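Numbering (the working numbering), first residue to last: 485 to 937.
Single-structure report; data block below.
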Amino acid sequence: MAKHSFDFDLFTIGAGSGGVAASRRAGSYGARVAICEGVRVGGTCVLRGCVPKKLLVYASHLRDEFADAAGYGWSLPGPPTLDWARLVAAKDAELDRLNGAYLRLLGGSGVEVIEGRGVLVDPHTVEVRGRRFTAQRILVCTGGSPHVPDVPGSELGITSDEALALTTIPRRIVIAGGGYIAVEFAGIFASAGAEVTLLVRGYNILRDFDDDVHAALAEELQRRGITIATHADIESVERRGEALVVGCRGEQDYEADVVMWATGRRPNTRGVGLEEVGVALDDQGAIVVDDWSRTSVPGIFAVGDVTNRLNLTPVAIADGRALAETLFNDNPTKSDHTGVPTAVFSQPQVGTVGLTETQARALHPHVAVYRTSFRPMKFVLPGRQERTMMKLVVDKDTDRVLGVHMVGVDAAEIIQGFAVALKCGATKKQFDATVGIHPTSAEELVTMHKPVE
Ligand SMILES: Cc1cc2nc3c(=O)[nH]c(=O)nc-3n(C[C@H](O)[C@H](O)[C@H](O)COP(=O)(O)OP(=O)(O)OC[C@H]3O[C@@H](n4cnc5c(N)ncnc54)[C@H](O)[C@@H]3O)c2cc1C
């Protein structure tokens with residue numbers, strides 16, 4: 485088929501972070517682009533992930549602010565109360581606004597939006613609600629969905645999708661999982677007044693993070709009254725009267741009003757026609773791609789969570805734009821997944837970039853570690869005991885800073901700047917030569933002079 489015989493130059497399946505970014509960039513270069521969406525334009529980040537979650541996190545932080553206000557001389561007219569239903573309604577209104585904004589942005593870039601699930605028919609054809617569209621290139625950006633373990637009674641639990649839409653706060657909630665979604669929701673529900681138990685299968689929460697990060701965060705979550713049960717192997721959930729009872733192998737049962745599964749996510753590759761047209765999937769069901777986001781079938785590409793590389797919004801966006809640059813702007817651009825900073829919006833926050841100490845020691849023979857733990861000035865007058873932990877991991881042979889890790893107030897905001905420094909290959913000497921901003925917590929990251937033994 486000659487190029488002009490296709491309906492579109494690019495047809496994108498899935499209008500989440502990656503699909504929207506790639507389609508808009510391609511459209512801006514004059515490509516004829518269509519995008520189909522099976523649920524709502526915006527995808528996980530905007531509608532079921534980063535954005536609604538962060539709005540609820542903002543709401544939960546206010547509990548601390550109210551509590552600390554007295555230490556600064558403020559008095560409130562009475563005990564602060566949270567109208568959860570009003571908060572959820574305000575959040576939903578904001579999501580509607582964002583959905584509209586995304587639709588307008590796509591339209592403004594000349595991208596045709598097609599409502600409905602897309603299924604591949606062949607390497608150049610997608611079917612949506614019985615209509616067939618042809619395209620020179622097809623981009624699959626179908627994202628991922630919560631994974632619910634296969635145990636008896638698992639259907640009694642909810643996932644992050646429903647947790648974001650609860651209209652009342654449960655009195656007791658058990659959250660299964662120890663990853664970032666689990667600890668973020670633990671903070672949200674605990675601040676809203678729920679009794680929270682985290683059931684973690686492994687030895688600690690956030691096990692992919694630096695050891696000092698998960699130790700510091702676990703301590704702070706427990707200080708906030710969150711129960712963390714490790715090595716918890718859930719074997720069943722059952723309803724007993726009003727309550728749900730979570731049974732763990734060889735252990736006590738846990739009673740709750742709501743059980744939430746935060747037990748990982750799986751790529752949305754079922755029912756998209758991928759295997760039928762020969763697109764290779766890995767053993768997790770993710771689409772296998774190379775650094776150019778090419779699948780095993782020429783003309784079919786994939787970016788974002790469906791490829792299960794680094795499942796973060798900015799990564800899906802960057803990879804989508806890189807692909808559009810390569811295909812439609814004669815500007816070959818590869819996905820670059822090195823030095824990607826990340827945050828956990830727990831309470832307190834985690835911010836991290838680069839290698840953990842364990843990773844660094846596996847790759848470099850001589851590693852120096854700088855660590856500090858302190859009570860931020862902000863908490864002194866209110867008498868809050870929460871501590872901040874900061875850590876630098878340095879290659880002694882080259883003096884390069886390999887990792888920066890923080891648990892504490894504003895960690896996400898602080899680490900973003902240090903990610904630039906690491907991307908530029910900053911050395912510890914350059915950190916030392918940087919003058920701090922006083923009085924801040926962030927200044928500690930440029931004033932740690934003595935490595936820990
Ligand atoms: C609770 C939660 C919190 C998160 N917090 C953060 C955070 O703080 N920071 C961060 O960077 N990342 C966060 N993430 C991850 C982030 O949301 C994802 O990495 C990001 O959304 C991936 O974008 P994507 O384009 O790959 O997929 P998605 O955004 O999931 O978009 C995929 C889209 O494809 C659609 N779709 C699926 N199949 C089809 C089909 N056959 N036809 C048509 N449409 C289809 C879906 O409906 C969806 O709209 C969070 C995720 C969750 C669940």
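By construction, the Cβ of each residue, glycine as well, lies at the ideal position given by its N, Cα and C atoms.
From a predicted model like this one, the values you see are computed outputs, not experimental measurements.
Could you spell out the range, first to last residue, of the beta strand (DSSP E) harbouring residue i?
i	result
Asp-493	492 to 497
Asp-803	Looking at the DSSP string, Asp-803 is not in any beta strand (DSSP E); the run it does join, the alpha helix (DSSP H), is 797 to 812.
Glu-599	595 to 599
Ala-518	517 to 521
Ala-666	Looking at the DSSP string, Ala-666 is not in any beta strand (DSSP E); the run it does join, the alpha helix (DSSP H), is 664 to 675.
Which residues does DSSP list as the beta-bridge partners of residue i?
i	result
Lys-875	Arg-855, His-889
Val-730	Val-721, Tyr-738
Ala-786	Val-624
Glu-549	Partner(s): none; Glu-549 has no beta bridge.
Leu-765	Ile-771
Met-744	Ile-642, Ile-659
If distances are taken between C-alpha atoms only, which option among the options comes closest to residue i?
i	options	result
Leu-546	Val-888, Gln-831, Val-772	Gln-831
Val-635	Gly-671, Ile-598, Leu-683, Glu-719	Glu-719
Ile-784	Gly-769, Ile-659, Leu-807	Leu-807
Asp-692	Val-828, Leu-648, Ala-770	Val-828
Tyr-687	Gly-663, Glu-668, Val-624, Ile-710	Gly-663
Lys-913	Asp-883, Ile-899, Val-919	Asp-883
Gly-823	Thr-747, Gln-900, Ile-659	Gln-900
Cys-520	Gly-892, Phe-492, Leu-650, Gly-734	Phe-492
Gly-835	Leu-571, Thr-826, Leu-582	Thr-826
Ala-510	Glu-809, Phe-858, Ala-910	Glu-809
Asp-774	Leu-796, Ala-569, Thr-817, Val-504	Thr-817
Gly-892	Val-684, Thr-626, Ala-700, Gly-584	Ala-700
Glu-927	Val-936, Asp-894, Lys-907	Asp-894
His-821	Gln-706, Asp-814, Leu-794	Leu-794
Gln-843	Asp-694, Gly-641, Cys-625	Asp-694
Measure the Cβ-Cβ separation of residue i and residue j and say whether it is below 7 Å.
i	j	result
Ser-593	Arg-516	no
Pro-798	Met-861	no
Ala-678	Ile-657	yes
Val-772	Ala-764	yes
Met-744	Ala-647	yes
Pro-536	Lys-575	yes
Gly-762	Val-781	yes
Tyr-618	Phe-490	Here residue 618 is Thr; the residue named in the question, Tyr, does not match the sequence. It is a contact, given that the beta carbons lie within the stated cut-off.
Val-530	Leu-590	no
Ile-710	Ala-660	no
Glu-704	Glu-870	yes
Gly-498	Gly-600	no
Pro-654	Val-730	no
Gly-637	Glu-739	no
Leu-683	Ala-649	no
Gly-500	Thr-528	yes
Ile-622	Phe-495	yes
Ala-518	Glu-596	yes
Ser-925	Thr-840	no
Starting from residue i and walking both ways along the alpha helix (DSSP H), at which residues does that stretch end?
i	result
Leu-683	Counting along the chain, Leu-683 falls outside any alpha helix (DSSP H), though it belongs to the beta strand (DSSP E) covering 679 to 683.
Ile-946	Past the boundaries of the shown model lies residue 946; the chain is included only from 485 to 937, so the question cannot be answered.
Gly-835	No alpha helix (DSSP H) contains Gly-835, which is instead part of the beta strand (DSSP E) from 834 to 838.
Val-610	Segment 609 to 612 is the beta strand (DSSP E) holding Val-610; no alpha helix (DSSP H) there.
Leu-604	Per DSSP, Leu-604 belongs to no alpha helix (DSSP H); it is in the beta strand (DSSP E), 602 to 606.
Thr-842	841 to 847
Ala-917	912 to 917
Grab me the residues of residue i's own chain with a C-beta within less than 7 Å of its C-beta, minus the 5 sequence neighbours each way, in chain order.
i	result
Phe-902	Val-837, Val-888, Leu-929
Ser-629	Arg-749, Arg-750, Asn-752
Ala-486	Bear in mind that a pLDDT of 47 at Ala-486, under 50, signals an unreliable position, so the number given afterwards is only what the model happens to contain. Closer than 7 Å at Cβ, skipping near neighbours: no residue.
Leu-906	Gly-823, Val-837, Gly-838, Val-885, Val-888
Please find out if some non-hydrogen atom of ligand 3 comes closer than 6 Å to the beta-carbon of residue i.
i	result
Val-756	Of the ligands this structure carries, namely ligand 1, none is ligand 3.
Residues in the same chain with beta-carbon distance under 6 Å from residue i, minus the five sequence neighbours each way, listed in chain order, please.
i	result
Lys-875	Asp-696, Arg-855, His-889
Glu-611	Val-603, Val-605
Val-878	Ala-852, Val-885, Lys-912
Gly-920	Glu-927, Val-930, Thr-931
Asp-645	Arg-532
Thr-779	Val-763, Ile-771, Val-773, Ala-786
Leu-539	Lys-575
In its own chain, which residues sit with a C-beta less than 8 Å from the C-beta of residue i, not counting the 5 before and 5 after it?
i	result
Trp-945	Residue numbering for the chain in the displayed model covers 485 to 937; residue 945 lies beyond these limits and cannot be assessed.
Asp-881	His-848, Pro-849, His-850
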